[in-house]
Amino acid sequence: MKVAVVGSGAAGLAATWLLNEHSEHEVHLYEADDRPGGHANTVRFTPPGKSAEEGVDVDTGFIVFNPSTYPNFIAFLKHACIPYLPTEMTFSVTRDGGAFEWAGDNLATVFCQPYRLWDPRMWRLLYDVLRFNAFARGILSEKISEDQKAKEMSIGEYLAREGYSEVFKDDYLIPMTACIWSTPADKCALDFPARTLIQFLSNHHLLQITGKPSWLTIKGGSHQYVNRILSKLPADQLHLSTPITSASTQTGTNTVLLTTRDGATHAYDHVIFACHSDTTLSILRAGEGMTPEEERILGMFEWNRNEAVLHADVALMPQSRKAWTCWNYLTRSVLDENGHRKANSDEVSLTYGMNQLQHISEKQYGPVLVTLNPPFEPDASTVGGRWKYDHPVLDANSVRAQTLMKDIQRTRAISYAGAWLKYGFHEDAFASGLDAARRLLPADAPLPFEIQMEVDRKPPSAWLAVLCLRVFAASGGEWVVGTVGAWVCAVWGWCVWTVFGWGARLREETALRRKVKVD
4 MKVAVVGSGA AGLAATWLLN EHSEHEVHLY EADDRPGGHA NTVRFTPPGK SAEEGVDVDT
64 GFIVFNPSTY PNFIAFLKHA CIPYLPTEMT FSVTRDGGAF EWAGDNLATV FCQPYRLWDP
124 RMWRLLYDVL RFNAFARGIL SEKISEDQKA KEMSIGEYLA REGYSEVFKD DYLIPMTACI
184 WSTPADKCAL DFPARTLIQF LSNHHLLQIT GKPSWLTIKG GSHQYVNRIL SKLPADQLHL
244 STPITSASTQ TGTNTVLLTT RDGATHAYDH VIFACHSDTT LSILRAGEGM TPEEERILGM
304 FEWNRNEAVL HADVALMPQS RKAWTCWNYL TRSVLDENGH RKANSDEVSL TYGMNQLQHI
364 SEKQYGPVLV TLNPPFEPDA STVGGRWKYD HPVLDANSVR AQTLMKDIQR TRAISYAGAW
424 LKYGFHEDAF ASGLDAARRL LPADAPLPFE IQMEVDRKPP SAWLAVLCLR VFAASGGEWV
484 VGTVGAWVCA VWGWCVWTVF GWGARLREET ALRRKVKVD
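The numbering used here puts the first residue of the sequence shown at 4, with every later residue one more than the last.
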C-alpha cells in the first residue's frame, strides 16, 4: 500500500515511523514548511556577547512531558534509545509589572511579597486552591443525563455553584488554564467544560495536595526524536516545502489524489491528514468528493495563533527572583465599568524559564527564556528568534466535535490525526498518529510496543488531607478564612500593611489608571 502522511508534527512523525519501520507500506511525508517537526522545534541560541560556537540548543515549542500521561511517547523514546532527563514544572503569576506576584513552589515563594501575609485575599486564594484540588474530582463521579451531556456544565458555572472566590479564578485557575492550552482566557477559561478540564487536571496530577508530579525533557532537545525518525525515511519520501493544495476522491475508487503547490498530482491508496483541522478542511474543500459531514465536523474546531520569542531579557520574568519558576504567567489588570480591577482575559503571556526546564547553566549561558506573546518587546539585543505556533481552542464546541470524528474517520481512504482530537498535547498527537497507522496494518502485525489510546492514571491518594479539608469546610471554614480571617489579618497586620503594602498598592492603582488613560 502507498500511504501519504500530510504534516510532519508529532502525529505525522508517529504515523510515518510506524509505517516506515514496522510495515511493508511505502510512506511519503509531506510538510508545507521548510523544516519538519511542527512544535518540536529545537533552535540554536547564541547568548548576548558570545560567539555562535558558544551557543546552546533550546526547545521553543514542545518542551516537557510526564511519565504518567505520555505512555506512547515514552515507549517510543525507550524503543529508539533516545535519552531524557527529569525536570520541573513550577508556576508563578505576575500581575501589573510585579505589583502582585506569587509562585507555587513553596511557602516562601507563595509569599515572595512578604506583606501579602496580611492580605486576606492571599489566604483565601490558598484555601480555594487546596479546596479545588481536594474536591474537584467529585464532579467526575456525578451521574448526568444525556441532556446534561449535550450541554455540559462549564467550569465557570461549577465554580459559581461551589462558591469559589474571584481571586482564585483570576490568580490561579484562569492563568493555569490559559497557560496549559496557550489560549487567551476569554476563549477557554470559564467557558471550558468542567468535567473535561477537571479530568485533564486529574490525569496530569495537577490536582495533587501532597507531593509533585514528575516531569521529563528530552536530553539535547526535541529535535533528537525528530531526527531519529527521519533518519530511517528514504530521502525521496520526505517532501519538505511541499504544501498540499487539494485532495480528491471519486466514488467507486479507493484512490486519493493529492495535488501539490507546483500543480503535480500524486495517487495514494490512503492518506493520513496529520495537520491542523483548518488546514485539512481547506485542502478537502479545494478537491472533489468532500462530504457534508466532513465539512460540518472539521469546521467545528477553532485555532489560536501564538508567537514564541527566544531571548534573554529578564524584564519578562517576575520582579522577585523568588517567584522565578518554569512557567511564569504575565498579565495586567483592567478596570471594569465600575472602576474595579479584574483579570485581563483577552491575552495570554507566558515566559518559560529554559534554564530550569532544560538544565541550561545560567552561569555559562546567562538567562535563557522563551516568552509566548510577550506583553512588551524584549531587548532586541537579547532576541534569538521568533516563531508562530497554532494551538487548538478546546471549548464545548470542539469537545462535541471530537465525539463526532468517528463518523468521518477512515472514510474515502482518509484518516485524521492530531493533538486537536483530544487534549491538545504532544502525547495526544503522537498517539493519534500511531493509531491511524496501526489501522493500516494487518490485525496480527507485531507492534514495537502496546499502543494505549485511553490513559486513566489515578493520582496519589491524599485521603487524610481531603478528610481534614472536608471537616474544615463543613465547620464553617470558608467563613473563617473569608470573614474572621479578614478581621484577624486586618488587626494583626495593620502597621505592616501600612508601611509595606500601602505604597505597593498605590503604585499598582496608579500604574493601572495610567495604563487605562493611555489605552
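Idealized CB from N, CA, C, for every residue including glycine.
Environment of residue i [buried if 16+ CB atoms lie within 10 Å]
i	result
lysine 325	buried
alanine 493	With a pLDDT of only 47 at alanine 493, under the threshold of 50, the placement of this residue in the model should not be trusted; the figure read from the coordinates follows. The residue in question, alanine 493, is exposed, as its Cβ has fewer than 16 Cβ neighbours within 10 Å.
aspartate 62	buried
glutamine 367	exposed
aspartate 99	buried
glycine 166	exposed
aspartate 108	buried
glutamine 253	exposed
arginine 134	buried
alanine 383	exposed
lysine 530	Nothing in the structure corresponds to residue 530, since the chain is present only between 4 and 522.
asparagine 257	exposed
alanine 111	exposed
histidine 362	exposed
phenylalanine 452	exposed
leucine 204	buried
aspartate 239	exposed
tryptophan 500	At tryptophan 500, the pLDDT of 47 sits below 50, so the modelled position is not reliable and the matter cannot be decided from this model.
phenylalanine 79	buried
glutamate 104	buried
threonine 283	buried
cysteine 498	Per-residue confidence for cysteine 498 stands at a pLDDT of 48, beneath the threshold of 50, marking its modelled position as unreliable; the derived number appears in the next sentence. With fewer than 16 Cβ atoms within 10 Å of its Cβ, cysteine 498 is classed as exposed.
methionine 125	buried
glycine 52	exposed
leucine 88	exposed
cysteine 84	exposed
leucine 22	buried
tryptophan 490	Bear in mind that a pLDDT of 48 at tryptophan 490, under 50, signals an unreliable position, so the model cannot answer this.
proline 295	exposed
asparagine 341	exposed
For residue i, the residue or residues it bridges with in DSSP
i	result
glutamate 603	Within the shown structure, residues of the chain are numbered from 4 to 522, placing residue 603 beyond reach of any answer.
lysine 5	Glu29
leucine 260	Ser251 and Ala270
proline 89	Leu219
alanine 106	Ser95
phenylalanine 171	According to DSSP, which records beta bridges pairwise, phenylalanine 171 is partnered with nothing at all.
tyrosine 535	Outside the shown range of the chain (4 to 522) lies residue 535, about which nothing can therefore be said.
phenylalanine 276	Val9 and Tyr419
glutamate 305	Val396
phenylalanine 68	Leu219
Extent of the continuous alpha helix (DSSP H) run through residue i
i	result
histidine 82	74 to 82
tyrosine 161	158 to 165
asparagine 44	From DSSP, asparagine 44 is part of no alpha helix (DSSP H); its letter is neither H nor E.
methionine 125	123 to 138
proline 295	295 to 301
alanine 318	Where alanine 318 is concerned, there is no enclosing alpha helix (DSSP H), given that its DSSP letter is neither H nor E.
glutamate 155	Unbroken run through glutamate 155: none, as it is neither H nor E.
asparagine 23	13 to 24
Enclosing beta strand (DSSP E) for residue i [first to last residue]
i	result
leucine 444	That residue, leucine 444, is in no beta strand (DSSP E); it is neither H nor E in DSSP.
threonine 338	According to the sequence as given, residue 338 is leucine; it is not threonine. Note, leucine 338: beta strand (DSSP E), 336 to 338.
aspartate 281	Counting along the chain, aspartate 281 falls outside any beta strand (DSSP E), though it belongs to the alpha helix (DSSP H) covering 280 to 289.
aspartate 60	59 to 62
CB-CB length for residue i against residue j, believed under 8 angstroms
i	j	result
serine 95	proline 321	6 angstroms
valine 113	phenylalanine 276	The Cβ separation is near 45 angstroms, so there is no contact.
alanine 18	alanine 315	The pair is not a contact, with the Cβ atoms about 37 angstroms apart (cut-off 8 angstroms).
leucine 353	cysteine 329	Not really, about 10 angstroms apart at Cβ, beyond 8 angstroms.
alanine 106	cysteine 115	6 angstroms
alanine 311	valine 274	Actually they do not touch by this definition, with Cβ atoms about 30 angstroms apart.
leucine 443	valine 6	6 angstroms
alanine 181	valine 371	About 23 angstroms; that fails the 8 angstroms criterion.
proline 600	lysine 222	It is not possible to answer for residue 600, since the shown part of the chain is limited to 4 through 522.
Near the ligand ADP: residue i beta-carbon under 8 angstroms from a heavy atom
i	result
proline 370	Within the structure as shown, the ligand ADP is missing, as the structure has no ligands at all.
CB contact check: residue i to chain D, cutoff 9 angstroms
i	result
methionine 92	The question asks about chain D, but that chain is absent: this structure has only one protein chain.
Length-filtered (3 minimum) beta strand (DSSP E) runs lying within the segment 174 to 252: 218 to 221 and 247 to 251
- request: At 3 residues or longer, and completely inside the segment 351 to 435: list those beta strand (DSSP E) runs for me, N to C.
  value: 352 to 356, 372 to 375, 388 to 396 and 417 to 419
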